Amino acid sequence: MRRFAALIEQLDSTNKTNQKVAALANYFKEAPKEDALWAVALLSHRRPSRPVTTTLMRQWAAEVAQLPEWLFEESYHIVGDLAETIALLVQQDAVGSPPSLSQCIEEIIALKPQEEEEKKAYILNRWQSLDNFERFVFNKILTGGFRIGVSQKLMTRALSKAVNIEENILAHRLMGQWSPATTTFEELILDPKPEDQISQPYPFFLAYALEEGFQEKEAVENWHIEHKWDGMRAQLIIREDKHFLWSRGEELITDKFPELDCLAEILPNGTVVDGELLPYKEGHIGDFNALQKRIGRKTVSSKLQKDIPIVIMLYDLLEWEGKDVRPLPLAKRQELLTALYKKTKGEGVPLLLSEVLHFSSWKEVAKERERAQEMRSEGLMLKHKDSPYAVGRKKGTWWKWKSDPKTIDAVLTYAMRGHGRRTNLYTDYTFALWQDEELVTFAKAYSGLTDAEIKQVDQFVKKNTTDRFGPVRQIKPELVFEIAFEGIAASPRHKSGVAVRFPRILRWRHDKKIADANSLDDLKQLLP
Amino acid sequence: MAVINRLIFPFSYLPLEKEKLGMPLLEFTSKGIYCKQADVYLDPWRGVDKAIISHGHSDHARWGSKHYITHEVNVPIIQHRLGKISVTGKKYGETFSLNGVQFSFHPAGHVPGSAQIRVEYKGEIWVFTGDYKTQIDGISTPFEPVKCDTFITECTFGLPVFQWEKPKNVHDSINQWWAKNQTEKTSSLLMGYSLGKIQRLLKHLDPSIGKIYTHGATEHMTQVLRQFIDFPETELITRDTTKKEVEGNLVLAPPAVLGSAWVKKLGRLSKGYASGWMAFRGARRRRAVDRAFVLSDHADWKGLLSAIKATGCENVITTHGYTDLFAKYLREQGWNARTEKTQYEAETPETVAAE
Chain A
0 MRRFAALIEQ
10 LDSTNKTNQK
20 VAALANYFKE
30 APKEDALWAV
40 ALLSHRRPSR
50 PVTTTLMRQW
60 AAEVAQLPEW
70 LFEESYHIVG
80 DLAETIALLV
90 QQDAVGSPPS
100 LSQCIEEIIA
110 LKPQEEEEKK
120 AYILNRWQSL
130 DNFERFVFNK
140 ILTGGFRIGV
150 SQKLMTRALS
160 KAVNIEENIL
170 AHRLMGQWSP
180 ATTTFEELIL
190 DPKPEDQISQ
200 PYPFFLAYAL
210 EEGFQEKEAV
220 ENWHIEHKWD
230 GMRAQLIIRE
240 DKHFLWSRGE
250 ELITDKFPEL
260 DCLAEILPNG
270 TVVDGELLPY
280 KEGHIGDFNA
290 LQKRIGRKTV
300 SSKLQKDIPI
310 VIMLYDLLEW
320 EGKDVRPLPL
330 AKRQELLTAL
340 YKKTKGEGVP
350 LLLSEVLHFS
360 SWKEVAKERE
370 RAQEMRSEGL
380 MLKHKDSPYA
390 VGRKKGTWWK
400 WKSDPKTIDA
410 VLTYAMRGHG
420 RRTNLYTDYT
430 FALWQDEELV
440 TFAKAYSGLT
450 DAEIKQVDQF
460 VKKNTTDRFG
470 PVRQIKPELV
480 FEIAFEGIAA
490 SPRHKSGVAV
500 RFPRILRWRH
510 DKKIADANSL
520 DDLKQLLP
Chain B
0 MAVINRLIFP
10 FSYLPLEKEK
20 LGMPLLEFTS
30 KGIYCKQADV
40 YLDPWRGVDK
50 AIISHGHSDH
60 ARWGSKHYIT
70 HEVNVPIIQH
80 RLGKISVTGK
90 KYGETFSLNG
100 VQFSFHPAGH
110 VPGSAQIRVE
120 YKGEIWVFTG
130 DYKTQIDGIS
140 TPFEPVKCDT
150 FITECTFGLP
160 VFQWEKPKNV
170 HDSINQWWAK
180 NQTEKTSSLL
190 MGYSLGKIQR
200 LLKHLDPSIG
210 KIYTHGATEH
220 MTQVLRQFID
230 FPETELITRD
240 TTKKEVEGNL
250 VLAPPAVLGS
260 AWVKKLGRLS
270 KGYASGWMAF
280 RGARRRRAVD
290 RAFVLSDHAD
300 WKGLLSAIKA
310 TGCENVITTH
320 GYTDLFAKYL
330 REQGWNARTE
340 KTQYEAETPE
350 TVAAE
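Sequence lines, in order, name chains A and B. The opening position of the first sequence corresponds to residue 0 in numbering that gives the first Met the number 0, with each subsequent residue numbered one higher. The opening position of the second sequence corresponds to residue 0 in numbering that gives the first Met the number 0, with each subsequent residue numbered one higher.
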C-alpha cells in the first residue's frame, strides 16, 4: 500500500508523460507481482465492488472527526472529492503498519458480506493505520474512480517497458473482463493460455478529429470514406460457436442485445468484426435516443426488442478464419468483409454493411458531409486504404470529420465545483435560454474554456452568488456563452422539452448581454 | 446577558452587545474597519487620514493613507512596499491612546512584524487579528492570545480539512528534496510568498547542502528583514549568473515566476511550492509543480479554535476565508458569531500566484 500510494503521489506531481511512464514502469518492475496486477487492474478501471455505501463512510468520518454532518458535507463540497475529504478529516497519527496493496484489496473484498459493525471497525482501523496520502488512496479504492491523469494507453506503455512485451500485444491481453481475484500476473500478462482467450476482444482503433489543411495534402482516391454512424461502437466475436459483444468501454454487453444471438450461427467461428450498434426498423435507422433506451434497461423485454430492434452496421474485419487480420491493409480487409456480408445477408439477419462512398473531389466529400443529419450519421470517417487496424487513438490514417456542431448563445445560471484537477474551482456550468421573460435551463457543460477563463468565471461565480444549494451556486445572470452541441431531439424528460448531445462551451461572448441570448424557440427551430 | 443569549439563541445572528446599546467600538465601513471614537481605521482598503496596520501584506497595508501606525518591525517592511509614507512604529504591548481609546499591538505570529490590534474603550476590549497563526515559525514573534470581549478573526483556513503538520517535518522534507535534486544535478526552485513565507523557508534551509540563490523580489524583502533576523546567506541571481553556477543549488522565488523566461534560464529544475493550499490535491495538480509542501502562515482549523478559546471572548466576527461556515460552527459551539465583509483577500489557491 505504501509503495502504491507513493506511486500515485509521484504520478500526481508531474504532468510530463515520460516521468509518469518511468514511475509506473519502475513500480511494475519492483512491486510484488500480485500488487502489480492489482495496480494494472485499478488503473484500467477494474476495482473491487464497493463493500460499504459512501453514506456510511461519510457518517463514520464525521464521527471520527467529531464534526456535525453539515460541516462534513460543506467540507466535501469544497474539497470536491469524497476520498480526499475523508482522508483530510480523519487525520491522526498512524498506528501500526499498512498492508500490501493486494492484501488490502483482499480485505476489502472479504468485507463485502460482513455486518455493518464489522465493516466499520475494519475501516476505522485502516484509517488509523495509514498516513494521509495512503488513506486517500485507500478511500479511492473503496469508493472507486482513480482519475490521476494516467490513461490505459500510458499504463500499457509503462507495463510494456517493465515486462518487455510489445505494447499492442499487452493492450490485447488486458482487454475484456478479468479480475486479479481469478487470474495472476503470469497468466494474464506474461504467458496467457490461448483457451482462456476466446472472449478476448481486440483494442479498438480510434480516430482523431480531422486536422486543418488535410484536403490540400491528400488525394481523395487514397481514402476510404463512409458515414460515421450515430450509434454505439461495438466489437462482435464469434469463436467456438459462442458469441461475445463488447462495447468500446470494454464492457461485455452480449446479454443486452438478444437479437444478435443468431449471429453465432450465421457467422463462421474465428470471426471478429468492428461495427456500430444501431436501432433499425423497417429499413430506417432510428435516432440515438432510441438506442439509449435499450442501453439503459437492465432487462430487455420482448416489447422493447420489437419496438427498437438493433442491428450491427459493419465497419471492419479484425479476425478471419481464426487469424488476426488487423495488419492487412484496409482495402483487403474490406474485400473479405464485403464477401462475408454478401454471403450472410438475408431476411432478418441483423447485419448491415457501412457503405464505402466514392468521390472524385474533396468538394463532393464536403457535400456528402452536409447530408449527415438526413443520413442519421455524425459526419464522415476518412480511413486510408492501406491502413492497418491499429491500437487506440493514433494520428495519421484514420480521421473523423464530424458535421459542424450547432450553436446557440445561452446564459450562465448555475455553477458547481469541479472534480480532480478542477477541484475548488467552479467549472461545471448550467446554461439557460429565454422563454418569455424567464430563463429556462437547457444544458450543462464542463469544457471548452481555457484555464484563464475558468479562473475569471470562478471569480465571477464567487462574487455573484444569489443562492446556494449544497455544492451548486445560483448566479446572477450576466455572462453569455456560445454553446455548441452535436445532436438535438425532443425530450419530455427535460424542462426545456429538448435534449442536446455533447454540449460544450465554444466561446465566451463578452460582446453579448443576457438580453442578446437565444430563446428556447430558437433552439427548437433546430429540431430535425 | 450574553451568556443567556448564547443559551437561548445559539443559532441566530445576534447583534453584538454594544450594538444594542448604540455604537459599536469598531464598525465595518466602505473604507475599512473604523473606530469612530478615535477616528482611526484598522487595515483600511481605501486611503484615510490615520491607519493602524496589522502587517505588511499588500491587502492589509495599502497605499494612500496620510499616516500609518504599525509594529516597529513592520515599519521598514511597509516603507519598502509603499515608498515614502508617514509612519510611526510601536513595540508589542506598548499602549497608545487616541481620543481616550487605548490601542496596542500583540504578536500574531503570521509574518515578522505582524500584530493583532487590541482596542479598549471604557472597559470594553476588541481584538482585530489581521492574519495569524498559532504555529511557531522561527522568524515571527509567536502568537499570544489576548483577552477580549469581541474577537475579529481571519479564517482563511477555517475548515476542518486543514490540519497542519509539524513545521519541522515540512522543513526536513524540503532539505531532503534539495539534497536529492543535487545528486541528480538538478537545481531546486522553491517558491512562496515574498514576505514571510520565503524567509521562513530560508531560515530552515540547510546551507551545508549548497548555495541559496534568490529572485529580486524575494531578495529585497529578505534584505529588509536581515536587520532583525539571522538568515543563511543568499545571492541574488543576476544577468551574469550562469546555469552552471546554479546547478544543484537552491533558488528562492515568488510563484509568479512560473513559466517566465527567468525560470527557463535556470537550467534543469525541480519546482517546489510551499503554501497551505497545497493541502488540496486539486490545487497541487493544477499548480503542476514537482513537489508541493503544505506550509502556511495562517492558523489551521484547530489553531483558529484554540486561539478563539484562549481570548475568552463572547463575540466573534469572521472576516475573510470560509467566514460563513466558520461562524455557523462557532454559533453551534455557543459563541455569538457573525461575518463581516472586508476586502482582505482570503488568499485562495488561485490568488496565491498573483502576488
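Glycine included, C-beta positions come from ideal geometry on N, C-alpha and C. None of the values given here were measured: they were computed from a predicted structure.
| Query | Result |
| --- | --- |
| Please confirm whether residue 126 of chain A and residue 94 of chain A have their CB atoms less than 7 Å apart. | no |
| Do residue 58 of chain B and residue 321 of chain B have their C-beta atoms closer together than 7 Å? | no |
| Within a Cβ cutoff of 6 Å, which residues of the same chain sit near residue 18 of chain A, ignoring the five residues on either side of it in sequence? | none |
| Taking DSSP as the reference, what is the three-state secondary structure of residue 240 of chain A? | coil |
| Output yes or no for whether 7 Å exceeds the beta carbon distance between residue 528 of chain A and residue 439 of chain A. | Outside the displayed range of chain A (0 to 527) lies residue 528 of chain A, so it cannot be described from this structure. |
| Kindly say whether residue 9 of chain B, judged by its beta-carbon, lies nearer than 7 Å to any beta-carbon of chain A. | Per-residue confidence for residue 9 of chain B stands at a pLDDT of 41, beneath the threshold of 50, marking its modelled position as unreliable; no derived number is given. |
| Below 7 Å between beta carbons: does that hold for residue 320 of chain A and residue 229 of chain A? | no |
| Leaving out five residues on either side along the sequence, give the residues of the same chain with a beta carbon under 6 Å from the beta carbon of residue 269 of chain B. | 180, 185, 187, 289 |
| If I measure Cβ to Cβ from residue 220 of chain B and keep anything under 8 Å in the same chain, skipping five residues before and after, which residues do I get? | 76, 79, 193, 194, 197, 198 |
| Going by DSSP, what residue range makes up the beta strand (DSSP E) through residue 315 of chain A? | 309-319 |
| Residues of the segment 140-152 of chain A with a CB closer than 9 Å to any CB of chain B: list them in chain order, please. | 147, 148 |
| Going along the chain, which residues of the segment 88-108 of chain A sit with their C-beta nearer than 9 Å to a C-beta in chain B? | 88, 90 |
| For the putative contact between residue 356 of chain B and residue 298 of chain B, defined by C-beta atoms under 8 Å, what is the C-beta separation to the nearest angstrom? | Missing from the structure shown is residue 356 of chain B; chain B here goes from 0 to 354 and no further. |
| Which of the three DSSP states is assigned to residue 172 of chain B in this structure? | helix |
| Looking at C-beta atoms only, is the number of pairs between the segment 61-77 of chain B and the segment 87-105 of chain B that lie closer than 8 Å three or more? | yes |
| Who pairs with residue 70 of chain B in a beta bridge, going by DSSP? | B:89 |
| Counting only beta-carbon separations shorter than 7 Å, does residue 162 of chain B have a partner in chain A? | yes |
| Put residue 15 of chain B into one of helix, strand or coil per three-state DSSP. | In this prediction, residue 15 of chain B has a pLDDT of 49, which is less than 50 and means its spatial position is unreliable; nothing more can be read from the coordinates. |
| For residue 69 of chain A, count the other beta carbons within 10 Å of its own beta carbon; 16 or more makes it buried, fewer makes it exposed. Which is it? | exposed |
| Quick check on DSSP: helix, strand or coil for residue 20 of chain A? | helix |
| Given 8 Å as the limit, is there contact between the segment 221-236 of chain B and the segment 89-101 of chain B, that is, 3 or more CB pairs closer than that? | no |
| Check each residue of the segment 256-290 of chain B: if its Cβ is closer than 9 Å to any Cβ of chain A, include it; give the result in chain order. | 276, 278, 279, 280, 281, 282, 283, 284, 285, 287, 288, 289, 290 |
| To the nearest angstrom, report how far apart residue 313 of chain B and residue 144 of chain B are at their CA atoms. | 14 Å |
| Which residues in the same chain as residue 268 of chain A place their Cβ atom closer than 8 Å to its Cβ, once the five residues preceding and following it in sequence are excluded? | 237, 238, 239, 240, 321 |
| Taking buried to mean at least 16 other C-beta atoms within 10 Å of its own C-beta, is residue 491 of chain A buried or exposed? | exposed |
| Anyone know if the C-beta pair for residue 41 of chain A and residue 147 of chain A falls short of 7 Å? | no |
| Starting from residue 64 of chain A, find everything on chain B with Cβ-Cβ shorter than 7 Å and list it in chain order. | 159 |
| Tell me the start and end of each unbroken beta strand (DSSP E) in the segment 430-467 of chain A that is at least 3 residues and wholly inside, in chain order. | 437-444 |
| Could you name the residues of the same chain whose beta carbon sits closer than 8 Å to that of residue 355 of chain A, not counting the 5 residues immediately before and after it, in chain order? | 223, 224, 225, 333 |
| DSSP has residue 33 of chain B in a bridge; who is on the other side? | B:26, B:40 |
| What's the call for residue 509 of chain A, buried or exposed, on a 16-neighbour Cβ count within 10 Å? | exposed |
| In chain order, what residues of the same chain have a beta carbon less than 8 Å from the beta carbon of residue 502 of chain A, not counting five sequence neighbours either side? | 430, 442, 443, 444, 482, 483, 484 |
| Counting only Cβ pairs nearer than 7 Å, list the residues of chain B close to residue 311 of chain A. | In chain order: nothing, as chain B lies at least about 41 Å away. |
| For residue 165 of chain A, I'd like the list of residues in its chain whose CB is within less than 8 Å of its CB, leaving aside the five on either flank, ordered along the chain. | 159 |
| Among A:329, A:123, A:466, A:39, which has the Cα closest to the Cα of residue 51 of chain A? | A:123 |
| Looking at residue 123 of chain B: is its Cβ nearer than 7 Å to the Cβ of residue 25 of chain B? | no |
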